[in-house]
Structures are given as C-alpha cells and as structure tokens.
Amino acid sequence: MERRTEPGNRSDSPRTVTVVDAQTSLALWLRAGRSHRGMSLDDVAKVTKIQPRILERLEAGKPDGLPAEVFVRGFVRSFARCVGLDEGEALRRYAACGLGAGSQDLTPTVRALVEVMADLAPGSATAARATPRKMHAVEVIDLAPPATANVPAT
C-alpha cells in the first residue's frame with residue numbers, strides 16, 4: 000500500500016490518497032460487500048460451500064495456499080454472487096491481479112466447464128432462476144397380470 004499526498008480541491012490543505020495494488024483492492028472490495036450484507040465468513044462458507052480458510056485468504060489478499068487458478072476464479076465469482084456483488088466485475092478485478100492465467104488462456108472446454116460448474120453451485124443465480132420445463136404427457140400402463148391368470152383352471 001502506498002500513500003500519496005495531493006493538493007485538495009478545497010483550500011490549500013493536502014489530501015491523503017491511499018493507492019493499493021489490484022490484489023488488495025479485490026480483497027477490500029469482497030470484504031466490503033460481505034460486511035454490507037451483514038454476513039460473516041462462516042455464512043459465506045455455508046452458502047458457497049467454499050472452505051472458510053480459502054475465503055479468509057481471498058479477503059486478506061493472500062493468494063499463497065490457494066488451489067489452481069481455475070478454481071480460484073470460481074471461488075471469487077461465487078463469493079461475489081453470495082454477497083450481492085457483480086460477478087463480472089469480480090472476475091475483472093481478479094484478472095487485474097495477474098495471479099494466474101486469464102480466461103483468454105483457458106481452453107474453451109475448461110472455460111465452459113467452469114461456467115457450468117458455477118451455474119450448478121448451490122445458491123447460484125442460474126439455479127435460483129428455475130427455467131420452466133416442457134411438460135410431457137405420460138400414459139401409465141399397469142403391467143400386473145390379470146386377476147384371472149392367477150386362478151387355477153378347474
């Protein structure tokens with residue numbers, strides 16, 4: 000974190016501006032979103048099914064000890080969704096961190112798999128939006144033998 004003093008717009012008093020790197024910015028943004036929703040990390044962990052230690056690292060801006068980048072992208076996206084932040088913005092902020100390969104480096108298959116997995120996650124916006132399914136008529140056929148078949152012949 001770097002602090003700079005700049006001339007203020009009002010009077011001649013200097014204004015202090017804090018400049019943070021992209022990683023810290025993402026961490027602070029996620030934490031602010033969670034705090035704004037009044038959620039604890041345990042609440043987020045229960046909803047997203049992400050281990051609390053991973054959420055703690057994301058909020059602390061400490062990428063060491065996190066799993067593969069493709070999973071971290073999903074975690075960031077799920078975290079943002081859970082606390083009401085824009086998922087696209089979360090992924091843009093994560094990409095700005097330069098912590099791993101960007102989505103442009105992923106194969107289309109991996110990218111599609113990540114999207115589907117994120118959409119199927121519990122609490123996902125897509126899963127919550129139940130899409131109407133087509134109803135099909137079904138005929139029930141009784142496969143039990145007729146009652147007369149069980150009666151011995153006389």
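Each residue of the sequence shown is one higher than the last, beginning at 0 in numbering that gives the first Met the number 0.
Glycine included, each C-beta is placed from N, C-alpha and C at the ideal position.
Mark residue i as exposed unless 16 or more other C-beta atoms lie within 10 angstroms of its C-beta, in which case mark it buried.
{"i": "Gln50", "result": "exposed"}
{"i": "Arg36", "result": "exposed"}
{"i": "Val115", "result": "exposed"}
{"i": "Glu55", "result": "exposed"}
{"i": "Glu88", "result": "exposed"}
{"i": "Leu84", "result": "buried"}
{"i": "Leu119", "result": "exposed"}
{"i": "Ser77", "result": "buried"}
{"i": "Val71", "result": "buried"}
{"i": "Arg19", "result": "The amino acid at residue 19 is misidentified as Arg; the sequence shows Val. Looking at its Cβ environment, which holds fewer than 16 other Cβ atoms inside 10 Å, Val19 is exposed."}
Could you give the first and the last residue of the continuous alpha helix (DSSP H) run that contains residue i?
{"i": "Ile49", "result": "Ile49 -> no alpha helix (DSSP H), and no H or E assigned at all."}
{"i": "Leu27", "result": "21-36"}
{"i": "Val75", "result": "68-81"}
{"i": "Gly60", "result": "Gly60 -> no alpha helix (DSSP H), and no H or E assigned at all."}
{"i": "Leu90", "result": "86-96"}
Please tell me whether residue i and residue j are closer than 9 angstroms, where the distance is taken between their beta carbons.
{"i": "Gly73", "j": "Ala117", "result": "yes"}
{"i": "Ala79", "j": "Glu68", "result": "no"}
{"i": "Val43", "j": "Arg52", "result": "no"}
{"i": "Cys81", "j": "Thr108", "result": "no"}
{"i": "Asp29", "j": "Leu57", "result": "Reading off the sequence shown, one finds Leu at residue 29, where the question assumed Asp. Yes, Cβ-Cβ distance for Leu29 and Leu57 is below 9 angstroms."}
Problem - Inter-stretch contact (C-beta, 8 angstroms, three-pair minimum) for the segment 22-41 and the segment 81-94 - result: yes
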